[in-house]
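In full-length UniProt numbering, the protein residues as written are 1 to 168.
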């Protein structure tokens, strides 16, 4: 099914507005909580949880800044640029997901330290999610299928992706 120009431009506008609104809320949350972060996180002892928290917090700010700049069309480039951006975006999404999973894992480790069954279940679930995410990202059939259109790197979502999502 081909998309007409009006639908494409509407979707492009909607994506840009969504990115701008989400980015604004991200920074609003940052400024609301920076005082508590300085008091409770920055002045606390160095631990794995503190490291992962700061990595996630500032990695998210950096990553969403890059996404926001590209998705709003402030920086556009060639096909080569868009292919590099698509690869970076896939790596960034896996990185963000894994840091969040590790934070949950460390918290569960503390809460369920005496229950080996719960820890093993969590590890198996973690591995299944990681494998499914990596398999989904690498299932590009040898091509990134990304192209620069209207100042953004555009990648059409294959029709079967919706079928796979709806079957869950």
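Glycine residues also receive a C-beta, built at the ideal position from the N, C-alpha and C atoms. The structure displayed is predicted, hence computed values, not measured ones.
Alpha carbon to alpha carbon, what distance is there between residue j and residue i?
i, j, result
"residue 117", "residue 106", "16 Å"
"residue 77", "residue 35", "38 Å"
"residue 128", "residue 135", "10 Å"
"residue 23", "residue 100", "19 Å"
"residue 87", "residue 149", "18 Å"
"residue 32", "residue 4", "42 Å"
"residue 96", "residue 6", "34 Å"
"residue 112", "residue 43", "27 Å"
So, is residue i buried or exposed, given that buried needs 16 or more other C-beta atoms within 10 angstroms?
i, result
"residue 52", "buried"
"residue 39", "exposed"
What first and last residue would you give for the beta strand (DSSP E) that runs through residue i?
i, result
"residue 146", "146 to 149"
Could you give the residue range of the alpha helix (DSSP H) that holds residue i?
i, result
"residue 23", "5 to 37"
"residue 57", "48 to 71"
"residue 102", "79 to 111"
According to DSSP, what are the bridge partners of residue i?
i, result
"residue 152", "149"
Our contact map puts residue i next to residue j with C-beta atoms below 8 Å; I'd like the distance itself, whole angstroms only.
i, j, result
"residue 83", "residue 152", "Wrong, their Cβ atoms sit about 14 Å apart, outside the cutoff."
If you measure from the CB of residue i, is any heavy atom of the ligand NAP nearer than 6 Å?
i, result
"residue 9", "In the structure shown, the ligand NAP is absent, as is every other ligand, since no ligand is present at all."
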